[in-house]
Amino acid sequence: MDMKNMDPSRFMGFDSPVLPHLGQKPELVVYGTDDPMMWVELQPNVFFRPLFFDMVTGAHCEMLKVKGGGHLGRHKHSSPVHGYVIKGRWKYLEHSWEATEGSFLFEAPGEVHTLVVDEEVEEMITFFYVGGSLTYMDDDDNILSVEDNLSLIEMCCEHFEKVGLGGDFVHNFIR
Ligand code: FE
2 MDMKNMDPSR
12 FMGFDSPVLP
22 HLGQKPELVV
32 YGTDDPMMWV
42 ELQPNVFFRP
52 LFFDMVTGAH
62 CEMLKVKGGG
72 HLGRHKHSSP
82 VHGYVIKGRW
92 KYLEHSWEAT
102 EGSFLFEAPG
112 EVHTLVVDEE
122 VEEMITFFYV
132 GGSLTYMDDD
142 DNILSVEDNL
152 SLIEMCCEHF
162 EKVGLGGDFV
172 HNFIR
């Protein structure tokens with residue numbers, strides 16, 4: 002089955018903009034799903050699901066999922082981050098607290114931290130609003146890589162191409 006240019010209505014909804022003559026873009030609802038086609042594997046057991054890319058501010062919304070323990074490398078943010086833990090729990094190596102199911106969290110730009118999910122946590126799912134770029138660093142603060150909307154969209158584009166939806170499928174998440 003060729004799924005290229007597949008009708009996106011299985012995964013999301015949007016109507017025609019109310020004010021298209023003023024350049025208004027449509028709203029967007031992205032439905033909850035476990036479908037592996039919507040989850041990009043960042044590293045073994047760590048998955049990223051795109052929800053929304055704002056190309057005006059450079060912010061994006063995502064779901065992060067970790068199965069059976071894992072971590073997200075040491076990094077800092079250029080802009081504020083807001084999160085809400087939907088399932089499971091996680092912590093930062095650099096902090097005393099743990100983000101448990103139902104917790105809201107705020108991350109200040111510039112702070113360096115490493116997200117860790119314990120092995121005994123079967124599944125962790127957190128929603129994040131990420132206001133800008135992420136800079137990944139080693140323990141000596143050498144920059145390893147920088148992640149922003151452009152690199153994330155490129156990554157999603159490759160993923161959607163690979164799973165048969167076509168790279169352009171990522172356009173459905175961009176405003
Ligand atoms: Fe962070």
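All residue numbers for the sequence shown refer to my numbering, where the first residue is 2 and numbers rise by one.
The beta-carbon is built from N, C-alpha and C at its ideal position, and this holds for glycine as well.
These figures come from a predicted structure and were not determined experimentally.
Query	Result
Where does M2 land, buried or exposed, given buried means 16+ other C-beta within 10 angstroms?	Its pLDDT being 46, under 50, M2 is placed unreliably in this model, and the coordinates cannot settle the point.
Near S79, what residues of its chain come up, given a Cβ to Cβ distance below 7 Å and the 5 sequence neighbours on each side ignored?	P110, G133 and S134
Would you mind giving the Cβ-Cβ distance between P9 and P18, rounded to the nearest angstrom? I have them listed as a contact below 8 Å.	With 8 Å as the limit, P9 and P18 do not qualify as a contact, their Cβ atoms being about 16 Å apart.
Is H96 helix, strand or coil when you go by DSSP?	coil
Beta carbon of V82: closer than 7 Å to some heavy atom of the ligand FE?	yes
Using 8 Å as the Cβ pair cut-off and three pairs as the minimum, do the stretch 70-78 and the stretch 115-128 touch?	yes
Since H160 is in the alpha helix (DSSP H), which residue starts that stretch and which ends it?	N150 to K163
If you measure between the beta carbons of M138 and L145, is that distance less than 8 Å?	yes
Does the distance between the C-beta of H76 and the nearest non-hydrogen atom of the ligand FE fall short of 7 Å?	yes
How many whole angstroms separate the CB atoms of P51 and F174, which I take to be in contact at a CB cut-off of 8 Å?	5 Å
Which partner residues does P51 have in the DSSP bridge list?	E63
Going straight from the alpha carbon of L23 to that of I87, what length do you get?	37 Å
To which residues of the same chain is V131 closer than 8 Å at the C-beta, ignoring the five residues directly before and after it?	A60, H61, C62, E63, H78, S80 and V82
Report buried or exposed for M56, applying the criterion of at least 16 other Cβ atoms within 10 angstroms of its Cβ.	exposed
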